[in-house]
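K.L.:
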Amino acid sequence: MASIQELSDFLKQVERRAFKQTAYAVRDDHAAMDIVQDSMLKLAEKYSQRPVTEYPMLFQRILQNTMKDYWRRQKIRGAWTTLLSSLGVGNGDDEEHDPLETMVTDHVDDEPEVQYERQQTIAIIEEAIKSLPTRQREAFIMRYWEDMDVAETAAAMGCSEGSVKTHCSRAVHALAASLEKYGFSKQMLEKAGVER
Amino acid sequence: MNHEQKIAKEIVELLNAGIDELEPTVASRLAEARHAAVQVMLENARTTTPDGHSLVASLGGYMRHHQRLLSLAALGSAVFFAFLLTQQLTGHGMAEHGDAFLLASELPPEAYLDRGFYSWLEQQ
Numbered sequence: 015m016a017s018i019q020e021l022s023d024f025l026k027q028v029e030r031r032a033f034k035q036t037a038y039a040v041r042d043d044h045a046a047m048d049i050v051q052d053s054m055l056k057l058a059e060k061y062s063q064r065p066v067t068e069y070p071m072l073f074q075r076i077l078q079n080t081m082k083d084y085w086r087r088q089k090i091r092g093a094w095t096t097l098l099s100s101l102g103v104g105n106g107d108d109e110e111h112d113p114l115e116t117m118v119t120d121h122v123d124d125e126p127e128v129q130y131e132r133q134q135t136i137a138i139i140e141e142a143i144k145s146l147p148t149r150q151r152e153a154f155i156m157r158y159w160e161d162m163d164v165a166e167t168a169a170a171m172g173c174s175e176g177s178v179k180t181h182c183s184r185a186v187h188a189l190a191a192s193l194e195k196y197g198f199s200k201q202m203l204e205k206a207g208v209e210r
Numbered sequence: 639m640n641h642e643q644k645i646a647k648e649i650v651e652l653l654n655a656g657i658d659e660l661e662p663t664v665a666s667r668l669a670e671a672r673h674a675a676v677q678v679m680l681e682n683a684r685t686t687t688p689d690g691h692s693l694v695a696s697l698g699g700y701m702r703h704h705q706r707l708l709s710l711a712a713l714g715s716a717v718f719f720a721f722l723l724t725q726q727l728t729g730h731g732m733a734e735h736g737d738a739f740l741l742a743s744e745l746p747p748e749a750y751l752d753r754g755f756y757s758w759l760e761q762q
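Protein sequence lines, in the order shown, are assigned to chains A and B.
For the first sequence, my numbering gives the first residue as 15, with consecutive numbering after it.
For the second sequence, my numbering gives the first residue as 639, with consecutive numbering after it.
#1: Taking 6 angstroms as the limit between beta carbons, can you name the residues of its chain near residue 191/A, skipping five residues before and five after?
#2: Determine the extent of the alpha helix (DSSP H) in which residue 33/A is found, giving its start and end residues.
#3: Which residues in chain B sit within 7 angstroms of residue 51/A, going by Cβ to Cβ distance?
#4: Can at least three beta-carbon pairs, one atom from the stretch 35-51 of chain A and one from the stretch 74-82 of chain A, be found at a separation below 8 angstroms?
#5: Which residues, in order along the stretch 70-84 of chain A, keep a beta-carbon less than 8 angstroms from a beta-carbon of chain B?
#6: Please classify residue 71/A as buried or exposed, where buried requires at least 16 other C-beta atoms within 10 Å of its C-beta.
#7: With a threshold of 8 angstroms between beta-carbons, can residue 680/B be considered close to chain A, or not?
#8: Consult DSSP for residue 173/A and reduce its assignment to one of helix, strand or coil.
#9: What residues in its chain sit with their C-beta under 7 angstroms from that of residue 61/A, if we drop five residues either side in the sequence?
#10: Does DSSP put residue 64/A in a helix, a strand or coil?
#11: Can you tell me where the alpha helix (DSSP H) with residue 645/B in it begins and where it stops?
#12: Just to confirm, are residue 682/B and residue 20/A a CB contact at a threshold of 8 angstroms?
#13: Residues of chain A with a CB under 7 angstroms from the CB of residue 720/B: which are they?
#14: May I ask you to report which of helix, strand or coil DSSP gives residue 154/A?
#15: Within the continuous alpha helix (DSSP H) that includes residue 130/A, where are the two ends?
#16: How would you list, in chain order, the residues of chain A whose beta-carbon sits under 7 angstroms from the beta-carbon of residue 660/B?
#17: Drop a sphere of 10 angstroms on the beta-carbon of residue 53/A, count the other beta-carbons inside from all chains shown, and report buried for 16 or more, exposed for fewer.
#18: Assuming residue 649/B and residue 139/A make a contact with CB atoms under 8 angstroms, what is their CB distance in whole Å?
#19: Report the neighbours of residue 18/A on chain B: residues whose CB is nearer than 8 angstroms to its CB, in chain order.
#20: Cβ closer than 7 angstroms: which chain A residues qualify as neighbours of residue 706/B?
Shown next, in the form of structure tokens:
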């Protein structure tokens, strides 16, 4: 059984990555925050008796399921919105579709050139990750970012180890291809990594 | 490390750089969420292992964790009890109906008795 300190340390270690990972998937920072918060609570509520070694896999599984719940709710909500708008109800005052909320903004800070370039590189990579198919993104993030092994990733994703390898390979190739479109070569990636 | 893993590693390093630059408001909300989760675990620990292992406290904890199951069991018991009660009342009614039929009949009750049995018994 994990101690309270172990739970706290584990969450501290994964919370930022979990937030980013969720934000890539749902493309809404507020929703991502809610999902991560719910997942943390579920882990503490239902799995406090489990050893801390199982936490990475369990937390990823909870996170994925909570995201699926979010999409399910969005789908139902979308269906109702479509239905109501086809009936001519609530036209013109739908606050949920404020374009300002989803518009991509450029954070141009007064920072040195290198810092700015690095931020641009990170933004491009994040966009490339967002554009990956869901399963590929999940596999890539769990396998490489969360550093889970193939078996753990397969267990968290509910698929075979072979599928994980395929998803990871496709994800890396897709990321490399989309980065090349922005003129990134492997050397440039390495340079950006070194300059951090 | 193969070529694919090298690219993945470089990408992950940049992603890690990205999480270091999270907005302070996001970081503080995440910290709040973590504290809330830890608090939940603390409360769970209190209810599952209350001072000593008293039977009442354990039962309370069990009931809290299995609320749905217990509700279903209570509902099932209520339905079963209602069924038994109905059966009992219906059986009682039928018996009453049988007596009433016998008393209201034009034949005397003796007519329903088998007199042949007694004569057969005497012969044995």
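Idealized CB from N, CA, C, for every residue including glycine.
P.N.:
With the structure as the only source:
#1: Your numbering for residue 191/A matches position 177 in the first sequence. Excluding residues within five positions, none has a Cβ falling inside 6 angstroms.
#2: Within the first sequence, numbered from 1, the residue matching residue 33/A stands at position 19. Where residue 33/A is concerned, the enclosing alpha helix (DSSP H) stretches over 18-40.
#3: Counting from one through the first sequence, the residue named residue 51/A turns up at place 37. Correct list: 671.
#4: yes
#5: none
#6: Numbered from 1 along the first sequence, position 57 holds the residue referred to as residue 71/A. Its Cβ being crowded by 16 or more others within 10 Å, residue 71/A is buried.
#7: Translated into the one-based positions of the second sequence, residue 680/B becomes position 42. Cβ-Cβ to chain A under 8 angstroms: yes for residue 680/B.
#8: Taking the first sequence and counting its residues from 1, one reaches residue 173/A at position 159. DSSP places residue 173/A in coil when its eight states are reduced to three.
#9: Looking up residue 61/A in the first sequence gives position 47. Counting only Cβ-Cβ distances below 7 angstroms, and skipping sequence neighbours, we find 72.
#10: Numbered from its first residue, the first sequence carries residue 64/A at position 50. Looking at residue 64/A - three-state DSSP - the assignment turns out to be coil, as it is neither helix nor strand.
#11: Taking the first residue of the second sequence as 1, we reach residue 645/B at position 7. 641-658 is the span of the alpha helix (DSSP H), which, as asked, contains residue 645/B.
#12: Taking the first residue of the second sequence as 1, we reach residue 682/B at position 44. Taking the first residue of the first sequence as 1, we reach residue 20/A at position 6. Taking 8 angstroms as the Cβ cut-off, residue 682/B and residue 20/A do not qualify as a contacting pair.
#13: In the second sequence, the residue the question calls residue 720/B occupies position 82. The premise fails here: residue 720/B is roughly 35 angstroms from chain A at the closest Cβ pair, so nothing lies under 7 angstroms.
#14: On the first sequence, position 140 is the one that residue 154/A refers to. Here residue 154/A sits in helix by DSSP.
#15: Position 116 of the first sequence holds residue 130/A. 127-144 is the extent of the alpha helix (DSSP H) around residue 130/A.
#16: Residue 660/B sits at position 22 when you count from the first residue of the second sequence. 30, listed in chain order.
#17: Start at 1 with the first residue of the first sequence, and residue 53/A comes out as number 39. Residue 53/A should be labelled buried.
#18: Taking the second sequence and counting its residues from 1, the one referred to as residue 649/B is at position 11. Taking the first sequence and counting its residues from 1, the one referred to as residue 139/A is at position 125. That pair is a contact at about 6 angstroms.
#19: Locating residue 18/A in the first sequence gives position 4, where the first residue counts as 1. The contacting residues are 676, 679, 680, 683.
#20: Mapped onto the second sequence, residue 706/B falls at position 68. Simply none; closest approach about 14 angstroms.
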